[in-house]
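See the structure below:
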C-alpha cells in the first residue's frame, strides 16, 4: 500500500514534443505529490508539487495533473528540450516522508 | 535558497574501515533530514529519518548499527558507514526539510556521495 508505481520506465520524445509520465498510488493518506528531476551523478531537484485539493498545477513548461478518485497523477513537459533529458521521479508523501516511484528516463532527441 | 551540500562527493575506502558523510543545509534550518541510498538506474530507497537532537528512525531492513546517523544541529546531519564492505558501495543522498506548513513537506536534496568500498 506504500508503493508508488511509475510508468513508462523510459521515454523518447522529439524536441518540441510533449513528454508524459504517469504515477499511481494506493495509500489514500498521501497528501503531497512532488516530481523530481535527476541528472546522472547528481541529487534529485524538486520540479513541481501538488496537494490533492487541486486537479492541476502548472509551472512554466511543467504541469501536474492529479486525479484523486483514480489515485493517479502525471507530469506533462510541454515543448520538450534536449536539456530536459534526465531521470524523473514521482513521489507521494504524508507526515513528510516520501515514497518514490521507480523513475523514468527521458531522452529528448534534437 | 534551499541549498543542501554533502561532503565528500565521492570516497573510496578499504573493506572494514568506516566512512563519514556530512549533510548540511546551507541557507535554512532543517528540523528533519533524510538519508537515501540509490543503486545505479534505480529509485531512491529511504534509509532513515533524523530529527535534530533525537535518535534517527530507521526503515525496515536497514541496520542501525551499521549506518550510524547523527543530527547534531539544525544544519548538520552525518551518516557513518561502519565496517564497510563492498556491498555497501552505493550512491548516498541526503535531503533536508524545514519546519512548518506546506513547506514542511518539501525536501531539498544534496548532490549525493558516491561510496566505493574496495
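Protein chains in written order, with our numbering: chain A, 136 to 245; chain B, 41 to 158. Glycine is no exception: its CB is placed at the ideal position from the N, C-alpha and C atoms. Because the structure is a prediction, the values reported are computed rather than measured.
Put simply, of A:192, A:137, A:143, A:157 the residue whose alpha carbon is nearest the alpha carbon of residue 240 of chain A is A:143. Within chain B, the C-beta atoms nearer than 8 Å to that of residue 232 of chain A come from 74, 86, 89, in chain order. Look at residue 161 of chain A here: in three-state DSSP terms it is coil, with no helix or strand label. Bounds of any beta strand (DSSP E) do not take in residue 167 of chain A, whose DSSP letter is neither H nor E. With 16 or more other Cβ atoms inside 10 Å of its own Cβ, residue 232 of chain A counts as buried. Taking a beta-carbon distance threshold of 7 Å, residue 167 of chain A counts as an interface residue toward chain B. For residue 48 of chain B and residue 76 of chain B, the gap between their C-alpha atoms comes out near 15 Å. Contact annotation for residue 187 of chain A against chain B: no contact, minimum CB-CB distance about 12 Å [criterion: below 7 Å]. In this structure, residue 243 of chain A sits near residue 219 of chain A, with a CB-CB distance shorter than 7 Å. In this structure residue 119 of chain B is buried. Its beta-carbon is surrounded by 16 or more other beta-carbon atoms within 10 angstroms. Of the candidates B:88, B:127, B:93, the residue whose Cα lies closest to the Cα of residue 113 of chain B is B:93. Going by beta carbons, residue 182 of chain A and residue 201 of chain A fall outside the 7 Å limit.
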